[in-house]
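For the sequence shown, this note's numbering begins at 437 and goes up steadily by one. Ideal placement from N, C-alpha and C gives every residue a C-beta, glycine not left out.
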Amino acid sequence: MGHKALTSASGFRRTSWPNHPSIKMGGKGPRQVLQASAATKGPRRLTEVPAETSQHQAMEKITATINANLLQCCVCSGPLTPPLFQCTKGHVSCSRCCPADGYLDDEVECLMCDEPETATRFRAMEHILVGMRMPCPFRQHGCAKMIPYASVQAHKASCVHAPCHCPISGCTGYGSKPLREHIRQDHPGVVRTIISPHCLTPLRMHAHEQARMVRLGDSDGSPEFLVIVGQYKQLGRMLSVVRLVDESVVEQDFKHRIEVVGNAGVLSLSGETLDAERLKEPYKASPFLFVPNETWDSPEGIRVFIELK
């Protein structure tokens, strides 16, 4: 059958096959990539490569390790987040450390240089960061997600696999589950007391107690609270109250009042009760009732009164 040779202005030579069923010279359908072949002498011929092969090469990924310090801003030492700027001395600044007015001109003043120095957009590094993915920092706790580098901090704040902190002194933390479940399973020694609402009820606590669970009513669905005894420097204890909740607990506002009776008189604290489901950060009592060591270390026990409503 007939064919004819086509020669382009660049010197490439290609054979045209009219009406050939397996070769499309135009129109719709998958694109084909033409590559020059230099295997033979004379005019180089074009070889047709399926578009799928070209796309596969473009999507090729590599796995590498890098020193995390190299991905920190030179100014704030935080993770690099675009837009990025770099001066001629190599100082790289992140979006948090660059004035917003400089984005329009792609130039800002370097905050690391002793003398005035212009820093320009570091787009090459921005493209690298956009394409970077890293494992979740909590992968050892069960999270299998690969996170864009710029979104790692936001993911850490919301990851359900993040380890939780326990407000009881000496507890090293636990896996992701409600605090109420953790107290029940991992702190069986915590004393549980049932009280009635709107009643100032006495709790006879001992100096070694670090927490006391309080249930408002004796039914299975009754609200549960935790009285936390923390160390305040070397001067005494600080008492605070949180409500233990999980996904099944109905949102409800509670107020509490704590009183501690000592030889010097009555110490009292009242306020709103905070809900505690999962503590992603170490517990910080606020507000709290300060009890001096002289009162708390009584060998007869401590007379603590609590009211919940």
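**Message:** Less than 7 Å between the beta carbons of residue 740 and residue 636, yes or no?
**Reply:** no
**Message:** Checking 7 Å against the spacing of the C-beta atoms, do residue 609 and residue 599 come in under that value?
**Reply:** yes
**Prompt:** Between residue 602 and residue 618, which are expected to be in contact by the criterion C-beta below 8 Å, what is the C-beta distance as a whole number of angstroms?
**Reply:** 6 Å
**Request:** Using 10 angstroms around the beta-carbon of residue 582, count the other beta-carbons present and answer buried if the total reaches 16, otherwise exposed.
**Result:** exposed
**Item:** Local conformation of residue 577 per DSSP, three classes
**Value:** helix
**Item:** Sheet register partners of residue 691 (DSSP bridge)
**Value:** 708
**the stretch 639-656 / the stretch 700-712 touching (three or more Cβ pairs under 8 Å)** = no
**Prompt:** Is residue 558 helix, strand or coil when you go by DSSP?
**Reply:** coil
**Prompt:** For residue 610, which three-state DSSP category applies?
**Reply:** strand
**Request:** Go ahead and pull the three-state DSSP assignment for residue 637.
**Result:** strand
**Request:** Using three-state DSSP, classify residue 531 as helix, strand or coil.
**Result:** helix
**Prompt:** How many angstroms separate the CA atom of residue 476 from the CA atom of residue 496?
**Reply:** Caution applies to residue 476, whose pLDDT of 48 falls short of 50 and renders its modelled position unreliable; the value that the coordinates give is listed next. Taking the straight line joining both Cα atoms gives about 30 Å.
**Request:** For residue 545, write down the residues that DSSP places opposite it in a beta bridge.
**Result:** 554
**Rounded separation between residue 670 and residue 622 - CA only** = 27 Å
**Message:** Nearest by alpha-carbon distance to residue 645: which of 673, 551, 634 is it?
**Reply:** 673
**Neighbour-count burial assignment, residue 676, 16 or more Cβ in a 10 Å radius** = buried
**Request:** Give the DSSP bridge partners of residue 585, in chain order.
**Result:** Paired residue(s): none; residue 585 is not in a bridge.
**Message:** Output needed for residue 721: all residues of its chain with C-beta closer than 6 Å, excluding positions within five of it in sequence on either side, in chain order.
**Reply:** 666, 674, 676
**Request:** Just the C-alpha distance for residue 549 and residue 562, rounded to the nearest angstrom, thanks.
**Result:** 22 Å
**Residue range of the beta strand (DSSP E) that includes residue 673** = 672-680
**Message:** By the three-class DSSP mapping on this structure, what secondary structure does residue 806 have?
**Reply:** This structure leaves residue 806 out entirely; the chain is present only between 437 and 745.
**Message:** Under DSSP, the alpha helix (DSSP H) around residue 731 begins and ends at which residues?
**Reply:** 729-732
**Item:** Neighbourhood of residue 579 by C-beta, 6 Å cutoff - its chain only, sequence neighbours within 5 removed
**Value:** 572, 595, 597
**Message:** Once the 5 residues before and after residue 515 are set aside, which same chain residues still bring their CB inside 8 Å of it?
**Reply:** 507, 508, 509, 530, 585, 586, 588, 589
**DSSP bridge partner residues for residue 652 (one or two, in chain order)** = 631
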